[in-house]
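A quick write-up on the structure given underneath.
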Amino acid sequence: MNTILDVKAIEKYYGSKGNITKAVDNISFQVNEGEFVGVMGPSGSGKTTLLNVISTIDHVTSGHILINGRDITTLKKNSLSRFRREELGFIFQDFNLLDTLTAYENIALALTIQKVKPNEIDKRIKAVAAKLEINDVLQKYPYQMSGGQKQRVASARALITNPSLILADEPTGALDSKSSRMLLESMEKLNTEMNATIMMVTHDAFTASYAHRILFIKDGKIFNEIVRGNSSRKEFFNKIIEVVTLLGGDTSHVL
Amino acid sequence: MYFKLALKNVKKSYKDFLIYFLTLAFSVCLFYTFNSFQAQQAVLNLNKAQSQIVDSISVIMGLLSNFVSVVLAFLILYANSFLIKRRKREFGLYMLLGMPKQQISKVLVYETLLIGLISLIAGIALGLLISQLLTVLTASMFTVTLNYHFVFSFDSTFITIFAFAVIFFIVMIFNAFIINRYKLIDLITAGHRNEKPRVRNLWLSVLIFLVSLALLGYAYYTAIDKGMMFVETLTPIILAGSIGTVLFFLSLSGFLLKFIQTSKRLYYRKLNMFVLRQINSKINSNFLSMSVVCIMLLLSIGALSTGITLRNTINDSTEVTIPFNYTGVSNHHEIITELVQYAKDDSRIKNQMVINSYQDKDLTADLLVPYSKPMRKLDPKNIKNTPLDIYKLSEFNRKRELTGKPKLSLKANEAYMFTSLDSLTEYVDPILGKNAVLKLYGKEITVTNKAYELEQLGTAQAGYNVTSASIGLVVDDAYIPNNALPASSIWNVNLNKGVSEKKFQSEMSDKMFELQGQKAYMGHSYLANETRSGVLENAVGTSVMFTYVGLYLGIVFLVASAVILALQQLSEAEDSHHRYQILKKIGAEKRMLNQSVLMQIGIYFIMPLGLAIVHSFIGIKVVNSVLILFGKLDIMSSSLFTALLILIFYGSYFLLTYFGYNRILQQEKA
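Line by line, the protein sequences are chains R and B.
Mapping of the first sequence onto UniProt numbering: residues 1 to 255, in sequence order.
Mapping of the second sequence onto UniProt numbering: residues 1 to 670, in sequence order.
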């Protein structure tokens with residue numbers, strides 16, 4: 001199996017001499033093609049920083065990150081945005097849809113900035129929309145949609161460019177439980193049917209239980225790692241709760 | 001302590017204040033410069049008449065300044081409220097920390113004072129420089145020598161400081177009022193509120209767009225067809241024009257969106273659809289200001305180009321209208337005859353001549369209609385009441401001889417047709433070459449010339465047509481009966497070198513009125529006399545006046561419209577910040593983002609300018625048909641000059657906006 005993401009001993013320091021915060025402190029791990037990996041940790045554990053450096057929005061202080069064999073820590077600014085739009089797909093907690101565009105146009109935008117031909121744009125949007133069951137909201141504006149619909153549109157936008165890696169930052173953070181479940185099922189479907197590689201950051205155990213493998217982070221370091229294996233989602237969920245209790249924080253978020 | 005805070009604020013966010021500050025400084029500079037005419041006289045070697053003109057220019061500039069200061073006051077208030085809005089969160093923080101509202105107002109008062117003071121000093125300093133240039137310009141327009149030293153206008157400085165002190169005072173009151181009305185919760189959550197984009201039916205936009213085009217078309221058509229001289233036609237033109245303009249901007253973005261959507265290749269290309277939607281989403285709040293900007297630009301272009309066109313025209317036509325040192329005219333030929341008699345032995349006269357114009361009441365312009373198509377458009381009653389001006393060949397040739405032109409030769413039954421007025425050539429030209437046969441005092445005569453020269457029969461002010469032939473006919477002396485009385489007599493005199501035209505004129509003028517007083521004339525009567533230097537001075541004076549009025553108003557309106565657009569775009573940059581942030585996250589390159597910002601601002605700046613240019617193209621065409629009375633118009637150079645000014649002022653605000661927009665986008669938001 002191919003390694004999509006290879007994180008090698010990365011560190012991220014904030015602040016200057018005498019007052020240094022180690023947000024990420026020597027983290028290494030790998031994500032293989034077709035994997036659905038969750039990253040959990042309490043607030044301030046460094047999981048968002050980790051996601052930011054992987055998504056090339058932020059730079060590491062030391063170490064290397066290889067995505068599909070390319071070291072993104074050495075890329076220049078312009079090749080970074082090119083890399084970002086070709087290799088990565090993003091799903092954000094607050095959807096980050098453009099309020100002035102329809103759902104269709106929001107999805108299309110990911111392709112137009114890659115200069116994809118108009119004819120192909122339509123074909124690809126129709127295909128993804130069918131998978132995510134958002135055909136009937138394509139002509140609506142974000143303010144006309146429910147949170148779940150918005151997030152599925154955002155997922156469609158992340159997926160449509162066929163990225164090597166989809167990064168999801170608290171995708172269910174702004175959704176009610178029903179919408180959350182629907183979205184997670186969609187993500188599961190993307191993962192199994194389309195072989196999409198997903199890395200999802202969350203502090204919600206229920207959301208995390210949809211992943212196949214979970215990395216726990218605390219104080220900038222990997223604290224634990226659990227694999228779902230052949231166990232059911234329910235068993236996996238209980239396992240997650242155990243680790244979260246061990247971590248000693250954030251239990252208020254556990255369902 | 002509060003002053004320190006104000007000082008820090010201004011220092012810290014000088015980039016935010018930049019547009020505000022520049023606008024203030026520009027305004028101060030303009031105000032100072034155009035109020036400094038009085039002081040300019042000190043270095044100009046003007047004669048009495050010229051300094052009178054400069055006096056009246058400064059009076060007019062003073063009056064205009066009242067109007068301009070009101071415009072600037074509104075502009076500065078607008079710019080100020082933009083800045084205040086940007087700082088809502090900052091004020092929220094002050095209030096959260098327990099600062100009372102009066103004290104926040106106090107900080108703002110200090111800030112206003114500080115910026116006001118800096119911009120006043122900078123503006124007056126800049127104004128001092130520019131007014132020196134203006135002095136040189138004035139000197140070159142009056143063609144007088146410059147006795148140059150640095151000019152400082154105390155009066156203008158005083159007026160400028162006073163006017164802007166009042167404006168700043170209003171700004172302070174306004175700020176206090178705004179701060180008082182703010183609620184803490186609104187300040188803290190400022191920027192969080194999510195505006196729902198109002199979606200309008202795109203087909204409705206297309207419909208409104210077509211209606212606006214129809215209205216504009218109607219306004220243009222009426223303006224060209226009927227002219228803009230009368231209130232009855234002016235009102236519908238202005239109404240249709242302004243409603244058309246407002247509707248145009250209301251529907252433009254929707255129409256553009258619909259139109260470009262039909263081409264998938266264009267719509268789904270890079271960030272095009274984002275930019276179009278971006279503009280469309282804001283159009284509900286922007287169309288009015290865009291319309292106002294468009295109309296202000298129209299006024300600006302109108303003021304600039306007409307002012308300058310008139311100046312050029314007056315200068316050009318002056319050459320034609322001053323063939324003699326002195327000309328006396330009256331419709332009472334005996335006054336001229338006696339005047340000539342009176343000056344018979346005057347040794348100052350080098351040479352002289354009298355030319356009479358006769359009128360045959362049966363030979364009126366309507367008889368020419370069959371030969372001249374354009375004449376059919378004129379009011380038939382009017383042309384029936386317009387008799388042709390008839391001149392004796394001998395007198396006409398004497399005039400040509402004295403002005404250094406070859407004599408005409410006509411056979412017995414031949415007539416030479418001409419006009420002195422540029423505006424009439426289009427009616428007269430078609431008559432030529434057709435051998436038109438007319439009846440003059442009962443005898444037939446044929447118009448045989450194929451061309452003519454535009455010539456005046458004496459010296460007169462441009463536009464003052466006592467020495468012009470509207471449609472003139474030169475015929476053999478024998479055609480005119482001995483008992484025919486001249487309709488008007490013109491006495492042209494060339495004086496010897498070194499003789500004062502002014503003195504000669506005032507003597508002759510006194511004599512004329514004395515002669516008129518001796519006889520009790522009935523009905524319409526006129527006496528006029530003019531000198532070459534009088535015409536020249538007047539022409540220069542008028543042209544300088546028009547240039548300066550045009551420059552002053554034109555630049556004020558230009559700056560005002562650019563400022564409105566710039567501020568609007570910058571406040572939009574705030575709202576769009578998160579959208580551009582999203583684009584960045586999904587991988588749009590910086591170049592692509594810059595292009596999209598450029599396109600967006602470009603559309604906002606170019607649209608009003610474009611429509612204003614179309615408007616003014618039509619408007620100036622119509623206005624010119626009025627101005628043509630002054631003579632041939634030179635539109636080219638004035639258009640170039642206007643374009644240059646627009647490029648400088650509008651262009652610099654465009655660039656400021658572009659960089660400001662990018663700067664706001666790059667700011668990290670808390």
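Cβ coordinates follow ideal geometry from the N, Cα and C atoms, glycine included.
Test item: CB-CB of residue i and residue j under 7 Å
| i | j | result |
| --- | --- | --- |
| R/Q30 | R/D58 | no |
| R/A103 | R/R157 | no |
| B/L495 | B/R400 | no |
| B/L393 | B/V474 | yes |
| B/N35 | B/S65 | yes |
| B/D225 | B/Q38 | no |
| R/G46 | R/V60 | no |
| R/R84 | B/G587 | yes |
| B/L440 | B/Y416 | no |
| B/Q40 | B/T138 | yes |
| B/T327 | B/G458 | yes |
| B/K264 | R/P118 | yes |
Proximity to residue i [Cα-Cα], best of the options
| i | options | result |
| --- | --- | --- |
| B/Q581 | R/F92, R/K22 and R/G18 | R/F92 |
| residue 712 of chain B | B/R86, B/A6 and B/M141 | Given a span of 1 to 670 for chain B in the structure shown, any question on residue 712 of chain B remains unanswerable. |
| B/Y604 | B/G472, B/H578, B/K106 and B/V563 | B/V563 |
| B/F350 | B/K405, B/V493, B/F287 and B/R265 | One point to set straight first is that residue 350 of chain B is Lys, not Phe, in the sequence displayed. The option with the nearest alpha carbon to B/K350 is B/V493. |
| R/E133 | R/A174, R/E87, R/M182 and R/L51 | R/M182 |
| B/V466 | B/L640, B/Q52, B/L304 and B/L421 | B/L421 |
| B/Y14 | B/A478, B/L63, B/G651 and B/S119 | B/S119 |
| R/N52 | R/G89, R/V227, R/N68 and R/G69 | R/G89 |
| B/I188 | B/R89, B/V144 and B/N397 | B/R89 |
| B/A451 | B/E426, B/Q461 and B/K443 | B/E426 |
| B/Q569 | B/Y110, B/Y148 and B/M290 | B/M290 |
CB contact check: residue i to chain B, cutoff 7 Å
| i | result |
| --- | --- |
| R/R85 | yes |
| R/N96 | yes |
| R/I113 | yes |
| R/L50 | no |
| R/Q149 | no |
| R/I121 | yes |
| R/P171 | no |
| R/S43 | no |
| R/L183 | no |
Any C-beta of chain R under 7 Å from that of residue i
| i | result |
| --- | --- |
| B/R277 | yes |
| B/G587 | yes |
| B/K101 | no |
| B/R265 | yes |
| B/F268 | Correcting the residue type first, residue 268 of chain B is Tyr in the shown sequence and not Phe. Yes, because at least one Cβ of chain R sits closer than 7 Å to the Cβ of B/Y268. |
| B/S281 | yes |
| B/M599 | no |
| B/R193 | Low per-residue confidence applies at B/R193: pLDDT is 49, beneath 50, and the placement is therefore not dependable enough to give any value. |
| residue 692 of chain B | The displayed coordinates of chain B run from 1 to 670. Any statement about residue 692 of chain B would go beyond what the structure contains. |
| B/I603 | no |
| B/I582 | yes |
| B/M273 | yes |
For the region 505 to 514 of chain B against the region 369 to 389 of chain B, do three or more pairs of beta-carbon atoms, one drawn from each stretch, fall closer than 8 Å, so that the two count as touching?
Output reads no: the region 369 to 389 of chain B does not touch the region 505 to 514 of chain B.
Note down, one range per segment and in chain order, each alpha helix (DSSP H) of at least 4 residues found wholly within the region 147 to 193 of chain B.
If we require 4 residues or more, the alpha helix (DSSP H) runs fully inside the region 147 to 193 of chain B come out as 154 to 181 and 184 to 188.
Flag this pair as touching only if the region 594 to 601 of chain B and the region 245 to 264 of chain B have three or more C-beta atom pairs under 8 Å; answer yes or no.
Flag = no, the region 594 to 601 of chain B and the region 245 to 264 of chain B do not touch.
On the three-pair Cβ rule with 8 Å, is the region 608 to 622 of chain B touching the region 293 to 301 of chain B?
Taking 8 Å as the limit for Cβ pairs, the verdict is that the region 293 to 301 of chain B does touch the region 608 to 622 of chain B.
Whether or not the region 231 to 242 of chain B and the region 267 to 283 of chain B are in contact is what I'm after, with contact meaning three or more pairs of Cβ atoms, one per stretch, closer than 8 Å; do they touch?
Too few Cβ pairs lie closer than 8 Å, so no.
Assess contact between the region 141 to 153 of chain R and the region 188 to 196 of chain R, defined as three or more Cβ pairs (one per stretch) separated by less than 8 Å. Is contact present?
Touching, no, given that fewer than three Cβ pairs across the two stretches are closer than 8 Å.
Using 8 Å as the threshold, is the region 112 to 128 of chain R in touch with the region 166 to 184 of chain R, meaning 3 or more CB pairs across them?
With the cut-off at 8 Å, the region 112 to 128 of chain R and the region 166 to 184 of chain R do not touch.
The region 479 to 492 of chain B in contact with the region 326 to 338 of chain B per 3-pair CB rule at 8 Å
With contact defined as three or more Cβ pairs closer than 8 Å, the region 479 to 492 of chain B and the region 326 to 338 of chain B are in contact.
Can we say the region 71 to 81 of chain R touches the region 26 to 33 of chain B, given the rule of at least three CB pairs closer than 8 Å?
Contact between the region 71 to 81 of chain R and the region 26 to 33 of chain B is absent, because fewer than three Cβ pairs lie under 8 Å.
Would you mind listing the alpha helix (DSSP H) stretches within the region 336 to 411 of chain B that are 4+ residues and don't spill past its ends, in chain order?
If only complete runs of 4 or more residues are kept, the region 336 to 411 of chain B shows the alpha helix (DSSP H) at 380 to 384 and 393 to 402, in order along the chain.
Hey, which unbroken runs of the alpha helix (DSSP H) at 4 residues or more fall wholly within the region 83 to 154 of chain R?
With a minimum length of 4 residues, the continuous alpha helix (DSSP H) runs that stay inside the region 83 to 154 of chain R are 103 to 112 and 118 to 132.
With a threshold of 8 Å, are at least 3 pairs of Cβ atoms found where one atom belongs to the region 236 to 243 of chain R and the other to the region 523 to 540 of chain B?
Counting Cβ pairs under 8 Å, fewer than three are found: no touch.
Curious, which full-length beta strand (DSSP E) runs of at least 3 residues does the region 200 to 237 of chain R contain?
Counting only runs of 3 or more, we get 213 to 218 and 221 to 227.
Write down every uninterrupted run of the beta strand (DSSP E) in the region 430 to 456 of chain B whose length is 3 residues or greater and which is fully enclosed by it, in chain order.
List check, beta strand (DSSP E) in window: 437 to 440 and 443 to 447.
Do the region 32 to 51 of chain R and the region 206 to 226 of chain R meet, that is, are 3 or more Cβ pairs less than 8 Å apart?
Yes: the two stretches touch, three or more of their Cβ pairs being nearer than 8 Å.
Taking only runs that begin and end inside the region 471 to 521 of chain B, name each unbroken alpha helix (DSSP H) of 4 or more residues, in chain order.
With a minimum length of 4 residues, the continuous alpha helix (DSSP H) runs that stay inside the region 471 to 521 of chain B are 501 to 518.
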